[in-house]
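**Q** Numbering (the numbering used here), first residue to last: 187 to 650. Don't be surprised by glycine CBs; every beta carbon is placed ideally from N, CA and C. The structure presented is a predicted model; accordingly, all values stated were derived computationally and were not measured. Here it is, the structure in full.
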């Protein structure tokens with residue numbers, strides 16, 4: 187059935203049996219090259235003319251067939267030359283005399299020839315009758331065995347091997363739940379879905395399939411194909427660790443190793459309790475639930491004494507750029523006076539502290555900013571000639587009510603735009619009211635800021 191034709195053909199069962207015993211059949215692959223070599227070896231061994239070279243039992247043959255099913259490329263080391271011995275003759279097929287075959291099937295008898303030709307074929311009828319009846323029976327048994335074995339092999343093994351295997355394209359299961367996939371009959375008729383595990387994913391929600399093997403779009407052969415899927419556990423949340431009182435570089439490495447981003451420029455504050463360049467606090471605070479990629483801002487200590495920072499050149503820059511740069515340098519903005527200039531509006535044309543000067547953190551820098559071409563054409567007042575109404579400088583304590591429910595707050599007090607007080611205070615230790623001393627002369631405007639956000643202003647007479 188593998189080749190579509192019988193291994194031996196003859197006019198009668200006797201001639202077929204004789205060929206089976208004494209001839210070498212054609213190799214199945216000579217008739218059908220698509221037959222696997224291992225399957226050909228099993229077939230030839232089952233057809234061996236010598237009973238000692240055949241399978242000892244059906245179980246032995248089934249064992250080889252099972253090995254072939256697992257590995258179609260297995261080599262059984264059975265060859266036609268080994269299984270069909272020709273007794274050293276060169277011809278591939280030998281047909282022995284019928285008399286020798288008769289003797290083989292009539293073992294145990296001692297046929298005697300008559301000199302006078304008595305009896306048919308020269309044998310005594312009473313002694314030779316047993317061999318005449320044994321040969322047809324043996325031939326019939328062999329033929330029935332071969333036909334039955336061929337049918338059994340075809341139905342059980344060969345039909346599935348030789349017949350074409352159906353091909354299927356693997357569907358995409360990503361983004362679906364296992365329950366949704368299993369409810370799709372078009373998928374479950376061909377594929378079996380097997381859960382391989384779970385993993386965190388920032389792309390797929392919890393319970394959704396995030397990966398599959400084989401991947402979608404691949405062409406696979408067979409039936410009841412298994413697709414192994416990995417199910418998302420959702421995004422992995424990270425609890426914000428406590429990095430306070432740690433060196434800034436160490437805290438930054440710790441956060442980045444957890445998949446968090448750290449702001450490029452930390453915020454700086456003076457602190458009498460936290461060592462210089464150590465972390466004072468973080469935003470978000472300790473214990474906050476974060477996802478990978480979230481950004482953390484660290485506040486770093488300047489130590490108990492304010493550090494010196496160099497002043498940059500702000501001339502020809504925009505006032506917006508200057509304000510952002512002042513924050514980076516931990517400096518503050520003083521007064522901003524618009525004046526007539528041929529520079530574009532908003533361009534700084536003067537700064538109160540020259541570039542390169544080292545100043546304390548928190549120092550205020552005032553600016554003169556261009557009003558742009560076509561601005562007020564009236565001459566600028568000559569400030570150098572304007573007399574000071576009151577040159578006597580007096581110091582006054584200003585009452586500042588601190589905000590509630592805060593651990594710390596930066597308080598800034600300006601007198602006519604000039605910073606006179608700029609410190610971080612802690613309401614828990616100072617109370618909710620502080621009295622920062624500021625100096626001024628005559629009647630001047632005093633403005634109060636919390637964390638650089640304007641709160642209120644008052645007119646104060648420093649002469650009283």
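Among 486, 499, 515, 546, which residue has its Cα nearest to the Cα of residue 534?
**A** For the purposes of this step, residue 534 is taken as residue 348 along the chain shown, with counting starting at 1. Looking from the CA of residue 534, the closest CA among 486, 499, 515, 546 belongs to 499.
**Q** My output table needs one value for residue 514: the three-state DSSP class, helix, strand or coil.
**A** Here the question's residue 514 lines up with position 328 in the chain shown. Correct three-state label for residue 514: helix.
**Q** Assign residue 215 to one of three DSSP states: helix, strand, or coil.
**A** Your numbering for residue 215 matches position 29 in the chain shown. Correct three-state label for residue 215: helix.
**Q** Measuring CA to CA, which of 557, 605, 189, 238 is closest to residue 547?
**A** Indexing the chain shown from 1 puts residue 547 at position 361. Considering only alpha carbons, the answer is 605.
**Q** Decide if residue 333 is buried, meaning its Cβ has at least 16 other Cβ atoms within 10 Å, or exposed.
**A** As a first step, residue 333 is located in the chain shown; it is residue number 147 there, counting from the start. Per the 10 Å Cβ criterion, exposed.
**Q** Report the rounded CA-to-CA distance for residue 631 versus residue 643, giving the unit in angstroms.
**A** Counting from one through the chain shown, the residue named residue 631 turns up at place 445. Counting from one through the chain shown, the residue named residue 643 turns up at place 457. So the two alpha carbons sit approximately 7 Å from each other.
**Q** DSSP state of residue 377, grouped into three classes?
**A** Here the question's residue 377 lines up with position 191 in the chain shown. Three-state result, residue 377: strand.
**Q** Taking the beta carbon of residue 243 as the centre, do at least 16 other beta carbons fall within 10 Å, making it buried, or is it exposed?
**A** Here residue 243 corresponds to residue number 57 of the chain shown, with the count starting at 1. The residue is exposed, with fewer than 16 neighbouring Cβ atoms inside 10 Å.
**Q** Per DSSP, what kind of secondary structure is residue 550 in: helix, strand or coil?
**A** What you label residue 550 is simply residue 364 of the chain shown in a count that begins at 1. In this structure, residue 550 counts as strand in the three-state DSSP scheme.
**Q** Within a Cβ cutoff of 6 Å, which residues of the same chain sit near residue 228, ignoring the five residues on either side of it in sequence?
**A** What you label residue 228 is simply residue 42 of the chain shown in a count that begins at 1. The answer, listed in chain order, is 250.
**Q** In its own chain, which residues sit with a C-beta less than 7 Å from the C-beta of residue 442, not counting the 5 before and 5 after it?
**A** Here residue 442 is taken as the residue at index 256 of the chain shown, counted from 1. Once the five neighbours on either side are set aside, the close Cβ partners of residue 442 are 448.
**Q** Given 8 Å as the limit, is there contact between the region 378-388 and the region 416-424, that is, 3 or more CB pairs closer than that?
**A** yes
**Q** By Cβ distance, which residues of its chain are closer than 8 Å to residue 618, with the 5 residues on each side in sequence left out?
**A** Within the chain shown, the letter at position 432 stands for residue 618. Result list for residue 618: 587, 588, 590, in chain order.
**Q** Measuring alpha carbon to alpha carbon, tell me which residue in 398, 401, 395, 410 is nearest residue 371.
**A** Taking the first residue of the chain shown as 1, we reach residue 371 at position 185. Nearest option by C-alpha distance: 410.
**Q** Using a Cβ-Cβ cut-off of 7 Å (strictly less than) and excluding sequence neighbours within five positions of residue 428, which residues of its own chain qualify?
**A** As a first step, residue 428 is located in the chain shown; it is residue number 242 there, counting from the start. Answer for residue 428: 472, listed in chain order.
**Q** Give a yes or no on whether the C-beta atoms belonging to residue 483 and residue 468 are separated by under 8 Å.
**A** By one-based count along the chain shown, residue 483 stands at place 297. By one-based count along the chain shown, residue 468 stands at place 282. Going by C-beta atoms, residue 483 is nearer than 8 Å to residue 468.
**Q** In chain order, what residues of the same chain have a beta carbon less than 8 Å from the beta carbon of residue 543, not counting five sequence neighbours either side?
**A** One-based indexing of the chain shown puts residue 543 at position 357. Here the set comprises 496, 497.
**Q** Please confirm whether residue 395 and residue 373 have their CB atoms less than 8 Å apart.
**A** In the chain shown, counting from the first residue as 1, residue 395 sits at position 209. In the chain shown, counting from the first residue as 1, residue 373 sits at position 187. Against a cut-off of 8 Å, the Cβ pair of residue 373 and residue 395 comes out as no contact.
**Q** Can you have a look at residue 518 and say buried or exposed, based on whether 16 or more other CB atoms are within 10 angstroms of its CB?
**A** The residue labelled residue 518 in the question sits at position 332 within the chain shown. Buried is the call here.
**Q** Is the beta carbon of residue 356 sitting closer than 8 Å to the one on residue 415?
**A** Position 170 of the chain shown, counting from 1, holds the residue named residue 356. Position 229 of the chain shown, counting from 1, holds the residue named residue 415. Contact: no.
**Q** For residue 500, name the three-state secondary structure that DSSP assigns.
**A** Taking the chain shown and counting its residues from 1, one reaches residue 500 at position 314. Three-state DSSP puts residue 500 in coil, outside helix and strand.
**Q** What first and last residue would you give for the beta strand (DSSP E) that runs through residue 455?
**A** Position 269 of the chain shown holds residue 455. Note, residue 455: beta strand (DSSP E), 453-455.
**Q** Taking Cβ positions, are residue 463 and residue 425 nearer each other than 8 Å?
**A** As a first step, residue 463 must be located in the chain shown, where it is residue number 277. As a first step, residue 425 must be located in the chain shown, where it is residue number 239. Contact: no.
**Q** Beta-carbon within less than 8 Å of residue 481's beta-carbon, same chain only, minus the 5 sequence neighbours each way: which residues are those?
**A** Stepping through the chain shown from its first residue, residue 481 is reached at position 295. So the qualifying residues of the chain are 446, 447, 448, 449.
**Q** Does the beta-carbon of residue 380 have 16 or more other beta-carbons within 10 angstroms, so that it is buried, or is it exposed?
**A** As a working note, residue 380 is residue 194 in the chain shown. Per the 10 Å Cβ criterion, exposed.
**Q** Taking 8 Å as the cut-off, decide whether the C-beta atoms of residue 505 and residue 532 are in contact.
**A** Taking the first residue of the chain shown as position 1, residue 505 is located at position 319. Taking the first residue of the chain shown as position 1, residue 532 is located at position 346. Yes, Cβ-Cβ distance for residue 505 and residue 532 is below 8 Å.
**Q** Give the C-beta separation of residue 466 and residue 435 to the nearest angstrom, bearing in mind that I take them to be a contact with Cβ-Cβ under 8 Å.
**A** By one-based count along the chain shown, residue 466 stands at place 280. By one-based count along the chain shown, residue 435 stands at place 249. Not quite, the Cβ-Cβ distance comes to about 15 Å (not below 8 Å), so this is no contact.
**Q** Between residue 456 and residue 490, is the Cβ-Cβ spacing less than 8 Å?
**A** As a first step, residue 456 is located in the chain shown; it is residue number 270 there, counting from the start. As a first step, residue 490 is located in the chain shown; it is residue number 304 there, counting from the start. Between residue 456 and residue 490, the gap from beta carbon to beta carbon is short of 8 Å.
**Q** Taking the alpha helix (DSSP H) that residue 434 falls in, what are its first and last residues?
**A** By one-based count along the chain shown, residue 434 stands at place 248. That run of the alpha helix (DSSP H) goes 434-443.
**Q** With DSSP collapsed to three states, give me the class of residue 247.
**A** Position 61 of the chain shown holds residue 247. Of the three classes helix, strand and coil, the one that applies to residue 247 here is helix, per DSSP.
**Q** Under 8 Å between the Cβ atoms of residue 520 and residue 579?
**A** Within the chain shown, numbered from 1, the residue matching residue 520 stands at position 334. Within the chain shown, numbered from 1, the residue matching residue 579 stands at position 393. In this structure, residue 579 does not lie closer than 8 Å to residue 520 by Cβ.
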